[in-house]
Amino acid sequence: IFFFAPPPVSRSDTKQAETNLIICKDLLEGSEKLKSRLQPMDLLRFLHIVDLNIHRDDEKPDMAGFAGIFVFGSKFSHSCAPNCSWSFSPEGRLQYHAVRPIEADEILTFSYIGNGMNLLTSTIERRRRLSTLWFVCQCARCKGPDLSRKIRCPRCGVDGSCLPTYGEDPNWDTGMITPQMLPDAEHWHCGSCSANCPSAEMPLQEESELARLVPGAMMQGRSEEPGSSCREATRFEQLRARAAASVGTGHWTHTLAGFAFLQRSLVQLKSDPVILHTEAEFQAVSVEIAEWLKANASANAEQRLSAMFVAVRLEHDLGGGLRAWGYDPIDPLGGGLNSAMRLREHGWEVTPEGSMRSKDDQLSAVENTKVERGL
115 IFFFAPPPVS
125 RSDTKQAETN
135 LIICKDLLEG
145 SEKLKSRLQP
155 MDLLRFLHIV
165 DLNIHRDDEK
175 PDMAGFAGIF
185 VFGSKFSHSC
195 APNCSWSFSP
205 EGRLQYHAVR
215 PIEADEILTF
225 SYIGNGMNLL
235 TSTIERRRRL
245 STLWFVCQCA
255 RCKGPDLSRK
265 IRCPRCGVDG
275 SCLPTYGEDP
285 NWDTGMITPQ
295 MLPDAEHWHC
305 GSCSANCPSA
315 EMPLQEESEL
325 ARLVPGAMMQ
335 GRSEEPGSSC
345 REATRFEQLR
355 ARAAASVGTG
365 HWTHTLAGFA
375 FLQRSLVQLK
385 SDPVILHTEA
395 EFQAVSVEIA
405 EWLKANASAN
415 AEQRLSAMFV
425 AVRLEHDLGG
435 GLRAWGYDPI
445 DPLGGGLNSA
455 MRLREHGWEV
465 TPEGSMRSKD
475 DQLSAVENTK
485 VERGL
């Protein structure tokens, strides 16, 4: 049953590890059969393997009863820009789906922290979250420049020009990993003026606050109270403006706040008689998000699709053509992501004029034709 576990689960050199070992020792004391076969570290390693490899889907109520450790599923690695996603079939069978083109000999990957927009956070944010599974992510995205964390340069003032310099990764195979063990960057490099800025010059306190507020507000979900959509949209609009003023428009908090703003505005269009924004304002936000994702998270297919589908629904309701919302009507995402096919699978069709038509629109058109013909 020991399918895979990273090397860090090998020795007890952290306070958390000591606590976990004490708990495992107490558990073994309650079972003579297990006590005779396992040491506390053996049980801790086993429980860690289960936690790392188990598949369960608590987000979908009809799938909440399915969970398990799978021989082949445990072979998939984590990536912050995965090439696969997984789901359960109605019968409870585990199934994987390719979400972007996969090269020969490329490792099959999915995200251990879900396929939500939280994958767009910075490298340090993702690594610290994954460290609760006792490993430090070494995927290509985490090893490369932290493009999600572009901040306005404090020297030259150019927006989105400063990137953190994390330095060389230490050898993480020496013990259990905790979030506190992952150091932040001490210096930031500006690609515009070539300045190397110490972290003390960067707006890191404001960044930390935004990194807490934006995901926190998104996780709260939508309220059903009258007028709540307007209040929530306004909240994300304010967070977006705050991010633009403090860390800049190149930062992931600005993009996520914009995405949530469009989501709530889409709900507001369905429920409120008056909207205090123009089509052009919504389009501008959508274009910024599409361009940011293409430049900074091009391999994050699921997140780009999520943003595209919000834009598609807004275009359907407000018009303007898909291009005005930041997407090519023929091949919205490019890069072999088959986004046009995904649109068709979800009942959407692009008209010759570049507008969106849903399956319901087509059914209504058929019904109207029948009425006109007296059928």
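Just so we're aligned: the sequence shown equals residues 115 to 489 in this note's numbering. Note that beta-carbon positions come from the ideal geometry of N, C-alpha and C, so glycine has one too. None of these values were measured; they are calculated from a predicted model.
With C-beta atoms as the reference, is P293 less than 8 Å away from H301?
Going by C-beta atoms, P293 is not nearer than 8 Å to H301.
Reduced DSSP category for Q209 - H, G, I as helix; E, B as strand; rest coil
Correct three-state label for Q209: strand.
Using only alpha-carbon positions, find the residue among G372, L161, P268, R458 that is nearest to W248.
Comparing C-alpha distances from W248 to each of G372, L161, P268, R458 shows the shortest one belongs to L161.
So what does DSSP say about H391, is it helix, strand or coil?
Three-state result, H391: coil.
R458 lies in the alpha helix (DSSP H); which residues open and close that run?
Where R458 is concerned, the enclosing alpha helix (DSSP H) starts and stops at 453-459.
Does P121 come out as helix, strand or coil in the three-state DSSP assignment?
With a pLDDT of only 45 at P121, under 50, the local geometry of the prediction cannot be trusted, and no value is derived from it.
Would you kindly report the start and end of the unbroken beta strand (DSSP E) that includes L327?
For L327, no beta strand (DSSP E) encloses it; the enclosing alpha helix (DSSP H) starts and ends at 318-333.
One or two residues paired with G182 in a DSSP bridge
Looking at the DSSP output, G182 shares a beta bridge with H169.
Excluding sequence positions up to five away, which residues of its chain have a Cβ less than 8 Å from the Cβ of A325?
Contacts found: T235, S236, E239, T367.
Using DSSP's beta-bridge definition, name the partner residues of C198.
DSSP, once it has assigned bridges, lists A212 as partnering C198.
Counting beta carbon pairs with one atom in the stretch 181-200 and one in the stretch 260-268, are three or more of them shorter than 8 Å?
Three or more Cβ pairs closer than 8 Å define a contact, and the stretch 260-268 falls short of that threshold against the stretch 181-200.
How would you label V464, buried or exposed, when you count the other beta carbons within 10 angstroms and need 16 or more for buried?
Label assigned to V464: buried.
Quick one: is Q319 buried, meaning 16 or more other Cβ sit within 10 Å of its Cβ, or exposed?
It is exposed - the Cβ of Q319 has fewer than 16 other Cβ atoms within 10 Å.
Which residues in the same chain have their Cβ closer than 6 Å to the Cβ of T288, if we skip the five residues on either side of it in sequence?
Its pLDDT being 49, under 50, T288 is placed unreliably by the model, and the measurement read from it follows with that caveat. Closer than 6 Å at the Cβ level, and outside the excluded window around T288, lies no residue.
Extent of the continuous beta strand (DSSP E) to which M422 belongs:
In this chain, M422 is not harboured by any beta strand (DSSP E); it is covered by the alpha helix (DSSP H) spanning 415-432.
Would you kindly work out how many angstroms separate the C-alpha atoms of K484 and R356, rounded to a whole number?
Note that K484 scores a pLDDT of 41, beneath 50, so its modelled location is shaky and nothing firm can be said.
Where C267 falls: helix, strand or coil (DSSP):
In the three-state DSSP reduction, C267 falls in the coil class, being neither helix nor strand.
When the Cα atoms are used, what is the spatial distance from H460 to N134?
If you take the alpha carbons of H460 and N134, they lie about 46 Å apart.
Residue closest to E346, alpha-carbon to alpha-carbon, out of P278, I291, A404, V328:
Taking only the C-alpha atoms, the option nearest E346 is V328.
Below 6 Å CB to CB, which residues in the same chain sit around S126 once its five sequence neighbours on both sides are set aside?
Its pLDDT being 45, under 50, S126 is placed unreliably in this model, and the coordinates cannot settle the point.
What does DSSP give as the partner residue(s) for M231 in the beta ladder?
DSSP lists no bridge partner for M231.
Taking only the alpha-carbon atoms, compute the straight-line gap between E481 and E467 and give it to the nearest angstrom.
Because the pLDDT of E481 is 46, which lies under 50, any placement of that residue in the model is unreliable, and the question is left without a value.
If I measure Cβ to Cβ from S469 and keep anything under 6 Å in the same chain, skipping five residues before and after, which residues do I get?
These residues qualify, in order along the chain: G435.
So which of A413, P154, R207 has the shortest CA-CA distance to F492?
Because the chain here runs from 115 to 489, residue 492 falls outside it and cannot be looked at.
Ignore the nearest five residues each way along the sequence and tell me which others in D273's own chain have a CB closer than 7 Å to its CB.
If the five residues before and after D273 are omitted, its C-beta is found closer than 7 Å to the C-beta atoms of R266, G362, T363, G364, all from its own chain and listed in chain order.
I need the DSSP call for C276, collapsed to helix, strand or coil.
The answer is strand: DSSP assigns C276 an E or B state.
Could you check the C-alpha separation between G230 and V213 for me, to the nearest Å?
So the alpha carbons of these two residues sit roughly 14 Å apart.
What number of angstroms, rounded off, separates the C-alpha of H391 from the C-alpha of T223?
Cα atoms of H391 and T223: separation of roughly 40 Å, rounded to the nearest angstrom.
Residue-chain proximity (R456, chain D), Cβ-Cβ < 8 Å:
Of the protein chains in the structure, only one exists, and it is not chain D.
Let me confirm a value: I168 is counted as buried when at least 16 other C-beta atoms fall within 10 Å, else exposed. Which label applies?
It is exposed - the Cβ of I168 has fewer than 16 other Cβ atoms within 10 Å.
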